[in-house]
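Only one structure is covered here, and it is reproduced in the block below.
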Amino acid sequence: MSYPATVLDAVTTTRGFLLVLSIIVPVAGVLLAFVVGGRHIERLAFATILFGLAIAAAILVALQQSDGPLVYLLGAWAPPLGVALRADGLSAVMMMVAAVVISAVGVFAGADFRPAAAESRAPFAFWILLLGIWAALNIVFLGGDLFTLYVALELVTFAAVPLVSLDGRAETLQAALRYLLFALTGSVLYLLGTTLFYGLYGTLDIVLLSHRVRAQPATLVAAALMTTGLLAKTALFPLYLWLPPAHAGAPAAASAILSGLVVKGSFFILVRLWFQVMPGLPGFAATQLLAALGGAAIVFGSVVALRQERLKLVIAYSTLAQIGYLFLMFPLALSASGQLESGGALAGGLLQAVSHATAKAAMFLAAGSIYAVLGQDRIAGLGGVWRALPIAVLAFALGGVALMGIQPSGAYLAKELLLQAAAEKGQWWWAVVLQAGGIFTAAYVLLVLAHVLAPAKAPIASDRPALRIQETAALALALCSLLLGLLPWEAYLPIAQGIPSYRLGPEAVSKTLSKVLLPILGGTVVATLLGRWGPPPAHITSWKPPLAVVDPIRRIGLALGDLIERSDGFLRQWPVAGVTLLVLVLLFGGCNADGLVMRMQARPASGRHQLFA
Amino acid sequence: MTDTTIFGLYAAAAVGFGLYGLITNPQPLRKIVAFNLMGSGVFLLLGVVGRRGAAAGFGNDPVPQALVITGIVVAFSATALAVALLLRLFQTAGSATLRDDAPASASINQSGD
Amino acid sequence: MTVATILEMVLGAVVLGLGAWTIAARETFAATVGYVAYGLLVPLIWVRLDAVDVALTEAAIGGGLGGVLLLGAAARLRASEPAAAAETPGKIVRLGAAGASVMVAAALSAAVLLLPDPAPTLAPAAIANASATGLANPVTNVLMAFRAMDTMLEKVVLLLAIVGVWSLASDQAWGGRPGPRHQADPHGVFAFLARLLPPVGIVVGIYMFWTGADHPGGAFQGGSMLAAMWLLVIMAGLTDTPPASGRWLRLVLIAGPGVFLAVGLGGVCFGLAFLAYPPTNAKPLILGIEVAMVLTIAVTLGLLVAGAPERSPQR
Amino acid sequence: MSFALDILTIAAVSAGAFFFLAGTVGLLRFPDTLTRLHALTKADNLGLGLVVLGLLPQAGSVRHGLKLVGIWLLVLLAGATVSQLIARAARQGGPAR
């Protein structure tokens, strides 16, 4: 009954139905929640979350037992006519992370969005949109067809935008509108590229495309359009105008989802595009450009984060920096002819995404707990808060430590893998950026912690007591991120050599110590130089001599910070961001064209195999 | 140059107009109109791709046609959501602009909850 | 160069001119009027491209309902115009934007000119498998069978758009009636039209849906026709939008995706696959889904145009 | 017979096209809303009516012919109503176009 298959994997594998379940369970949850509404919506959402968590775990198990990706042909129609769902190691890992983060956020939000006797607006919208985002993300991770991925991307956006403006204040409405319009621009560019791919190759199926795509000028245009569109949705520097106000203005639970998961959706499609749809296409210049934007994002995001006065904005700008970190893997993983060369770098990039998802969600949830108790989140006013909310502060700190890349966190493992790849390829400059990223992260985490651990200026006048369950949800996520490095990733990610081991010994201890000390010491220095500090307490006279030494350097640092903050304001203007977007389209087209000429002479062998175990 | 290609060039031009309007028009509703123009350009391009693939007695490959129909509905949903956001923003703030002059830290600090 | 080619060039030029006008016009209201005209002419291009299904959809949703939505918003936003006009970016930015847009459009044009000849196509594959559904309209086959997942997800998109729009209500108005209450002279000419046209429009809408199995048409086209009739009656003040809290309304809004999901799972139960139809019953099953979808689409589109709940259900 | 019908078609459609042209020129050139409406209705009613009349002999079947007439009637109805509404809005000092 089905169209004659042209690819080997065009059959539904056993347990492929799990993939369908992972999508239709949250979809069914959305539909039911919409009808039931009222008081039961929260319980319904919890049931769906439990079910979904189990499915994600089952997929992880099933994938380990199968000797290739899980495949499901929808309606038994094989591509190119039909649409396939595929789960490889990358998708399974991302799905599990999404399930974990959504579960934790669900627990956290259970307290904030508990419907009263009658149905009320915010809980109704929140729970439905949460399940909607989940369904959409699962499609993003599993979809094997570029157009299905487009619909999934739009679903993510439509579910994410109303979450931003859930509290209905004018600022958040504006942030949501900016986000929606910019994301829509990105998706139109993506759809344009998809159109060209269909016109060129007569299919939108990722596996089929990976066999058919050739380095042609029209393909380059398509790739440039799609890449830039996805970057706009991922908010890579300099296309981030919508991110800080949206992520910082949303309710804490929503911020955690937006920062932790939503931006990873478009990032994941970008990975699929560069590594699977068009292997052999991206040239050296294009990968360097992508990572250079990432490096700029790290510097920009971190410096601006250091200068924020509000905790949620620090975390939002930190997201900007961490998104940059995700893109450092491209030049390290891809060879000069655009083929996957270092699976370790790819694994490192994915691991970074996973660690950031958990750690950042934890930090936003912790900040939400603090905000709820204090009624504000000015950093200068956070003194003594650790007494009132010890668990939330611990969660924030652990999340920060995990992000810095300290053992045994996932970010540590990611950094090691990327450093290894950089050393192998001789691209030492990315190693510098990688280390600098850790130092910058340490800087803003330490800056916040220094304020949090300072003595209270005034007793905390609390509107409401801290909710232990909310703090615990944040802590659980932070611990997750911190312990990620201990998990057996080889089963799912293309890690060739064994993961750097954790055996104890004098040498290992000293090595570990140096790896811990570098970011922390560096971070302290950076935070001192670039951070915003109030005047030192007058009664501590011992501060004066060191201050006299530091002061001139600090002034330079502040001037630099001012400059970067001003350029931040410039880049966040709509017309500027729009022009930048188009310039990036042209740049990516140009960079790839550069590689095209090279490859015209030496066309790569047709070794376009399945990249992912 | 066939007549189908002519429509393809028109579609590319519509995308260009839409991009320009989306970037330079300060009024959000105009941006939404520009987005729709751009979207219609993309859909036309899909139609041209389908028309080029006319075969087996069809004047137009049915697969791109189906994609366009799905795309139109998605674009309409996007327009409706954007318009609703814009109207609500106007109602709440008394102005409808995307301009964000104030530093980010100042723009969100007066929170009500 | 044939007469047809010249006709197409002129048609394209007029459409493109209108498109440019929507960007260049000074007044927002004028620009939206231009967009409505654009939206009504684009379907002619679609007919020339031999895509009548799309032409119908584009006319109904793109030009018609989209136009109503934008015009209504433009009228309500008129007061915001001067403030926004003051924010027009400077000449350098506009020049930069123009240059970059032109270059991107040029790259796109080059890509269009470089598309391969003969073009790849799935039309033969679609024909070869049409017997599995028993429907003669290939586009409906793609939408309901080969790419059924996209269609189902797009119904979820519509539902999430409704949730998003409703989430913009004020807390007091939650569950209330969407949009402003329209007042019109009950004996006026508009009310007359709203009484005379809907019976015809409903018949046409159902016909468009029914004929979609074998001829151009289908659930989207028919559904948007029904939505237009409903909006006409609402705007003439003859009826009001239903309260958003209504159980029946909610059921109708999820009927389309719900039935789709149920039939899809039915395919699994019969040992086929998710979203597969048993060959003997494919046509009735697909029509069943489409009946639910027409209802859902009509109500969803109507409510999306109406906007967020604004008035408590009692009033 | 068919030759005579073709002549009728050509004549009627050309006349219809003329009214469309005149209506469009009027829409663009006339000074205020009411006169513009006056020009527009010529295109709607007469122009489209003549085009439909010209196409009737080519319709092939009675069903198609009825569809054509149906289109004309619907446009008449919509056009008349909308013109009324615009005219009223113009008189009450609404959007001057």
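Protein chains in written order, with my numbering: chain A, 1 to 613; chain B, 614 to 726; chain C, 727 to 1041; chain D, 1042 to 1138.
All residues carry an ideal CB built from backbone N, CA and C; glycine is no exception.
For residue i and residue j, I'd like the C-alpha separation in whole angstroms.
i	j	result
A/P4	C/A849	For A/P4, the pLDDT reaches just 34, beneath the cut-off of 50, and the residue's location in the model is therefore unreliable, although a value from the coordinates is still provided. Each residue's alpha carbon lies about 14 Å from the other.
A/V445	C/A786	54 Å
A/V616	C/T967	Only positions 1 to 613 of chain A appear in this structure, which leaves residue 616 of chain A out of reach.
C/W747	A/A316	39 Å
A/A58	A/A224	37 Å
B/G634	A/G384	51 Å
B/V662	A/V585	22 Å
C/Y1003	A/T148	20 Å
A/V71	A/G301	39 Å
A/V528	A/L447	With the sequence shown as reference, residue 528 of chain A is identified as Thr, and Val is not the correct amino acid for it. Using only the alpha carbons, I get a separation of about 8 Å.
B/V646	A/L334	40 Å
C/M875	A/T13	18 Å
A/H40	A/T358	28 Å
D/F1061	D/T1082	10 Å
B/A715	A/R572	With a pLDDT of 42 at B/A715, under the threshold of 50, the predicted position of this residue should be treated as unreliable, and no value is reported.
A/A99	A/I23	12 Å
A/G343	A/A336	15 Å
Under DSSP, the alpha helix (DSSP H) around residue i begins and ends at which residues?
i	result
A/V71	Element bounds for A/V71: not the alpha helix (DSSP H) but the beta strand (DSSP E), L70 to L73.
A/A253	A252 to I257
C/R973	R973 to C995
B/M651	P641 to R665
C/N867	P864 to N867
Which residues of chain B have a Cβ atom closer than 8 Å to the Cβ of residue i, listed in chain order?
i	result
A/A593	Those within 8 Å of A/A593 in chain B number zero; the least Cβ separation is about 18 Å.
C/Y761	V646, N649 and L650
Report buried or exposed for residue i, applying the criterion of at least 16 other Cβ atoms within 10 angstroms of its Cβ.
i	result
B/T615	exposed
B/L702	buried
C/A887	buried
B/R643	buried
A/K457	exposed
A/V526	buried
A/L293	buried
A/E471	buried
Along chain B, in chain order, which residues have C-beta atoms closer than 7 Å to that of residue i?
i	result
C/A810	P639, Q640, A709 and T710
A/R178	L711
C/W772	G660
A/T195	V655, L658, L659 and V662
Where does the unbroken beta strand (DSSP E) through residue i begin, and where does it stop?
i	result
C/E1036	P1035 to R1037
A/R86	A84 to A87
For residue i, which residues in the same chain have their Cβ closer than 8 Å to its Cβ, ignoring the five residues on either side in sequence?
i	result
A/L220	L281, G589, N592, A593 and L596
C/I1015	M870, G982, V985, F986 and V989
A/R169	G249
Near residue i, what residues of its chain come up, given a Cβ to Cβ distance below 7 Å and the 5 sequence neighbours on each side ignored?
i	result
A/A277	In the sequence as displayed, the identity of residue 277 of chain A is Val instead of Ala. The residues are I206, L209, S210 and V213.
A/L129	A159, P162 and L163
B/T705	none
C/T783	F946 and Q947
C/L861	N867, A939, D940, K1009 and I1012
A/L8	Legend: pLDDT at A/L8 = 47, less than 50; position of this residue unreliable, value from coordinates given subsequently. Excluding sequence neighbours, A/L8 sits near nothing in its chain.
B/V686	none
A/A125	P162 and L166
A/I323	T234, A235, L236, V263 and A297
A/F570	V576
Skipping 5 residues on each side, what residues in its chain have a beta carbon closer than 6 Å to that of residue i?
i	result
C/G948	G931, M934, F935 and V1020
B/G652	A688
Anything in chain A within Cβ reach of residue i, meaning under 7 Å, just list it in chain order.
i	result
C/L977	V35
Listing by chain order, which chain B residues have their CB less than 9 Å from the CB of residue i?
i	result
A/T238	The identity of residue 238 of chain A in the sequence shown is Pro, whereas the question assumes Thr. Near A/P238 there are no residues of chain B at all, since even the closest Cβ is about 14 Å away, more than 9 Å.
Could you tell me which chain C residues have their CB closer than 9 Å to the CB of residue i, listed as they occur along the chain?
i	result
A/V71	The premise fails here: A/V71 is roughly 12 Å from chain C at the closest Cβ pair, so nothing lies under 9 Å.
Give me the chain D residues within the contact set of residue i, using Cβ-Cβ distance strictly less than 8 Å, ordered along the chain.
i	result
C/V915	A1121, T1122, Q1125 and L1126
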